[in-house]
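Inspection log for the structure reproduced underneath, given as structure tokens.
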Amino acid sequence: KEKHKILHRLLQNST
Amino acid sequence: SHLLVAEPEKIYAMPDPTMPESDIKALTTLCDLADRELVVIIGWAKHIPGFSTLSLGDQMSLLQSAWMEILILSIVFRSLPYEDELVYAEDYIMDEEHSRLTGLLDLYVSILQLVRKYKKLKVEKEEFVTLKAIALANSDSMHIEDMEAVQKLQDALHEALQDFESSQHQEDPRRAGKLLMTLPLLRQTATKAVQHFYSIKVQGKVPMHKLFLEMLEAKV
């Protein structure tokens, strides 16, 4: 999962 | 109706006016565009009813396996009003010659085949946004933790499509099936596109942003 940092962060950001 | 509201705004490629025309410039423009579209797609996915209730891991797996299908389906839908031209963005339309010069002729031919299919079906916006969500939910990722939850999402979107067709297209009881039968070609075209851009990444001549690279690597 660490490798996919940006996707992880963008999904966690509240819209 | 949720999906229509969630549909992203127009996007622009904004090629660098100071860079001389070349295949590297065109590929750089497309990769930059794709990177910005990916941010929009991730935000869009969260508005699909049911998607955010999936585990974060499953949300990532679906997006990692379906992102290129979603990008291509958007290009296809934007290109419907045109003849033999692909609308990568409002300001970036490529014909056959430009595609050939950029080394994207093979992809151009494949995407155009999809465009023709949807033109013949006279696909409507409601169908396009539902198909895009189905492509995400049906992306056959091998890393899904909660298959039941993903199946439920697929079922809900499939039901939405069937409801739309039974009310808006009574003239063709098999229209939902015809639309779903376009997905294998979408999958094949997306796989080709990922492989092509991965080979461009390996050549190392085209700058690529981090998110695009991340998603490209997740797919290969």
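Protein sequence lines correspond, in order, to chains A and B.
Reminder that position 7 of the first sequence reads as 7 in the numbering used here, one-by-one numbering, no gaps.
Reminder that position 37 of the second sequence reads as 52 in the numbering used here, one-by-one numbering, no gaps.
Quick reminder that beta carbons are idealized off the backbone N, C-alpha and C, glycines included.
Kindly give me the distance between the Cβ atoms of B:Asp73 and B:Ala164, rounded to whole angstroms, as I take these residues to be in contact under 8 Å.
The residue labelled residue 73 of chain B in the question sits at position 58 within the second sequence. The residue labelled residue 164 of chain B in the question sits at position 149 within the second sequence. With 8 Å as the limit, B:Asp73 and B:Ala164 qualify as a contact, their Cβ atoms being about 7 Å apart.
Under DSSP, the alpha helix (DSSP H) around B:Ile57 begins and ends at which residues?
Within the second sequence, residue 57 of chain B is the residue found at index 42, counting from 1. From DSSP, the alpha helix (DSSP H) with B:Ile57 extends over Asp38 to Ala60.
Count the other CB atoms within 10 Å of the CB of B:Glu186; is the residue buried (16 or more) or exposed (fewer)?
Looking up residue 186 of chain B in the second sequence gives position 171. B:Glu186 comes out exposed.
What residues from chain A crowd round B:Ile57, counting only those whose CB sits closer than 8 Å?
Residue numbering aside, residue 57 of chain B sits at position 42 when the second sequence is read from its first letter. Within 8 Å Cβ-Cβ: Leu7, Leu10 and Leu11.
Tell me the residue span of the alpha helix (DSSP H) that contains B:Ile90.
If you number the second sequence from 1, residue 90 of chain B lands on position 75. From DSSP, the alpha helix (DSSP H) with B:Ile90 extends over Leu71 to Ser94.
Starting from the C-beta of B:Ile26, find all residues in its chain whose C-beta is less than 8 Å away, skip the five residues before and the five after it, and write them out in chain order.
Counting from 1 along the second sequence, the entry for residue 26 of chain B is found at position 11. Contacts found: Leu48, Arg51, Glu52, Val55, Ala104 and Glu105.
Host beta strand (DSSP E) of B:Tyr103 (start-end):
As a position in the second sequence, residue 103 of chain B is number 88, starting the count at 1. Taken as a continuous stretch (DSSP letters only), the beta strand (DSSP E) holding B:Tyr103 covers Leu101 to Ala104.
Expected contact under 8 Å - CB spacing of B:Leu95 and B:Lys134 to nearest Å
As a first step, residue 95 of chain B must be located in the second sequence, where it is residue number 80. As a first step, residue 134 of chain B must be located in the second sequence, where it is residue number 119. Contact flag correct, Cβ pair sits at about 6 Å.
Buried or exposed, going by whether 16 or more other CB atoms sit within 10 Å of the CB of B:Arg190?
Mapped onto the second sequence, residue 190 of chain B falls at position 175. Result: buried.
Between the segment 207-233 of chain B and chain A, which residues of the former have CB atoms less than 8 Å from a CB of the latter, in chain order?
Lys225, Leu226, Glu229, Met230, Glu232 and Ala233
Once you ignore the five residues that flank B:Leu45 on each side, which residues in its own chain have a CB closer than 7 Å to its CB?
The residue you call residue 45 of chain B lines up with position 30 of the second sequence. The residues are Tyr103.
Against chain A, does B:Leu78 count as a neighbour if the rule is that its beta carbon must be under 8 Å from one of theirs?
Residue numbering aside, residue 78 of chain B sits at position 63 when the second sequence is read from its first letter. Yes, its Cβ sits closer than 8 Å to a Cβ of chain A.
Could one say the Cβ of B:Leu71 lies closer than 8 Å to chain A's Cβ atoms, at least one of them?
As a position in the second sequence, residue 71 of chain B is number 56, starting the count at 1. Yes, its Cβ sits closer than 8 Å to a Cβ of chain A.
Could you tell me how far apart the beta carbons of B:Lys40 and B:Pro30 are, in whole angstroms, since I believe they sit closer than 8 Å?
Here residue 40 of chain B corresponds to residue number 25 of the second sequence, with the count starting at 1. Here residue 30 of chain B corresponds to residue number 15 of the second sequence, with the count starting at 1. Contact flag correct, Cβ pair sits at about 7 Å.
Determine, for B:Met83, whether the minimum Cβ-Cβ distance to residues of chain A falls below 8 Å.
Position 68 of the second sequence, counted from the start, is the residue given in the question as residue 83 of chain B. So, not an interface residue.
Using a Cβ-Cβ cut-off of less than 9 Å, list which residues of the segment 153-166 of chain B approach chain A; keep chain order.
So the list is empty, because no residue satisfies the distance condition.
Taking 8 Å as the threshold (C-beta atoms), are B:Val221 and B:Thr43 in contact?
Looking up residue 43 of chain B in the second sequence gives position 28. Looking up residue 221 of chain B in the second sequence gives position 206. Cβ distance < 8 Å, so B:Thr43 and B:Val221 count as in contact.
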